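Q: Before I ask anything, here is the structure I am working with.
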């Protein structure tokens, strides 16, 4: 008989019973609504075992790759260990700070070497802890096949309790605690000829830099267009590295956007997502990645969808500033 | 045989509306078109301000699955609960009519024959009083 393991309990799955019915029948508070595989309210993740394909229909590719499934239409033929998206099942891991480098006035690159391997996809995020109870999420800019360590871009926020500590107190050689990875904003191989549009503001460049190099490394052949925005030139960074990629790959281009009044030659004037949508007004069949300020991410998501992108092809990571201080 | 299984047996032995429309593939083809129409419709898009678009798209898919005669477990009570906060914001017949228009226009765009559009419209129409909390 098939068993469903949730936290420390293991429940036998009845004949024709869904994972949802099995778990709720034993008092596990799994949220649900349509019970027919459409509304995605009962989204869960298999942390061990593989969920059947029919329980993943309609999910974003990056969720499928991480064994997410819809519990209401999940009838597995093998044992599964499952978790709710809200469960914090990962343990934290110590990591040594291997390097700290200012990328511009306010963004610090933190290079971390975890003491146990962390398997991540570029664009996902990890939590970095100052103390056991005080941690913040930072996106991963490195690519495991190219970079030895994990790279984060930490922007200093006013009164930021973790970002201020990173900028003022953290030193190379120190050991910190990290947990993760998590997040579904990353490149999924396949459809190599598809256009990729990436829009980021501020340190929203971190996940995009990882995603772009990951896609190029995996042989993505369609156009890859990056629009990085800030108010003024001081907020931009990695310009040299990105221009190197432009020279190396003919299908990659990079537009620097400044929303402030001063727009020198070589920069586009306007907010990054406005500039991107002007240059690329038809997004039918494009894959979109949006990272940075939540207002930008939400506005751009709506614009990209109305410009023809499919909801399933829009990947977003909104940096919640109010919680990140 | 349970009620659910009877319904499955009926669907399998008779050509249901859902099967005629093309099942889940038809819903997948329709959901982005329909949601885009709803978001562009100034009569109703204020009801969708500030909601999580991914969650909302999944809800639109549930709605279309139901309207297309597909498998769903929504009751009238679910419809009432799910829309009560919108009724408080002034949701009325004119907004329901706008959604019905968008539904028909979506199916038209996908070249669905008129008689099947009418059948789907009738299913959606049957939820009107529950959606509007009457």
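Chains as they are written, first to last, in the working numbering: chain A, 2 to 326; chain B, 566 to 699. All C-beta atoms, glycine included, are put in the ideal place defined by N, C-alpha and C. Just so you know, these numbers come straight off a predicted model, no measurement behind them.
Measure the alpha-carbon distance for residue 682/B versus residue 8/A and round it to whole angstroms.
A: Going from the Cα of residue 682/B to the Cα of residue 8/A covers about 47 Å.
Q: Which value, in whole angstroms, describes the spacing of the CA atoms of residue 38/A and residue 56/A?
A: If you take the alpha carbons of residue 38/A and residue 56/A, they lie about 7 Å apart.
Q: For the stretch 48–73 of chain A, which residues have a beta carbon sitting closer than 9 Å to at least one beta carbon of chain B?
A: Those would be 58, 59, 61, 73, in chain order.
Q: Run through the stretch 141–190 of chain A for me and flag every whole beta strand (DSSP E) of 3 or more residues, listed as ranges in chain order.
A: Qualifying beta strand (DSSP E) stretches, in chain order: 151–156, 176–183.
Q: Which residues in chain B sit within 7 Å of residue 23/A, going by Cβ to Cβ distance?
A: None at all; the shortest Cβ gap to chain B is about 16 Å.
Q: Which of helix, strand or coil does DSSP assign to residue 50/A?
A: Coil, per DSSP.
Q: Label residue 596/B either buried or exposed according to how many other C-beta atoms from any shown protein chain fall within 10 Å of its C-beta, with 16 as the threshold for buried.
A: Buried: at least 16 other Cβ atoms inside 10 Å.
Q: Only counting the same chain, and skipping five residues up and downstream in sequence, which positions put a Cβ closer than 7 Å to that of residue 586/B?
A: The answer, listed in chain order, is 633, 677, 681.
Q: Can you confirm whether residue 637/B, when its beta carbon is compared against all beta carbons of chain A, has any partner nearer than 8 Å?
A: Judged by the 8 Å Cβ criterion, residue 637/B is in contact with chain A.
Q: Mind listing the chain B neighbours of residue 302/A? Cutoff is C-beta to C-beta under 8 Å, in chain order.
A: 618, listed in chain order.
Q: For residue 627/B, does the three-state DSSP call read helix, strand or coil?
A: Note: residue 627/B maps to helix in three-state DSSP.
Q: Go ahead and label residue 314/A buried or exposed: buried means 16 or more other beta carbons lie within 10 angstroms of its beta carbon, across all protein chains shown.
A: Under this definition residue 314/A is a buried residue.
Q: When DSSP labels each residue in this structure, what does residue 583/B get in the three-state scheme?
A: It is helical.
Q: Leaving out five residues on either side along the sequence, give the residues of the same chain with a beta carbon under 7 Å from the beta carbon of residue 4/A.
A: For residue 4/A, where only same-chain residues beyond five positions count, the Cβ hits under 7 Å are 11, 12, 13, 14, 80.
Q: Any idea what DSSP makes of residue 82/A, helix, strand or coil?
A: Strand at residue 82/A.
Q: Below 7 Å on C-beta distance, what does residue 327/A contact in chain B?
A: With chain A represented from 2 up to 326, any question about residue 327/A goes unanswered, as that position is not in the structure.
Q: Let's test the definition: count the other Cβ atoms within 10 Å of the Cβ of residue 276/A and tell me whether it reaches 16, buried, or not, exposed.
A: Label assigned to residue 276/A: buried.
Q: Under a three-way DSSP split, which group does residue 324/A fall into?
A: Confidence at residue 324/A is low in this model, with a pLDDT of 48, below 50, so the placement of that residue should be treated as unreliable; the coordinate-derived value is given next. Note: residue 324/A maps to helix in three-state DSSP.
Q: Which whole-angstrom value describes the C-beta separation of residue 150/A and residue 113/A, a residue pair presumed to lie in contact below a C-beta threshold of 8 Å?
A: The pair is a contact, with the Cβ atoms about 6 Å apart (cut-off 8 Å).
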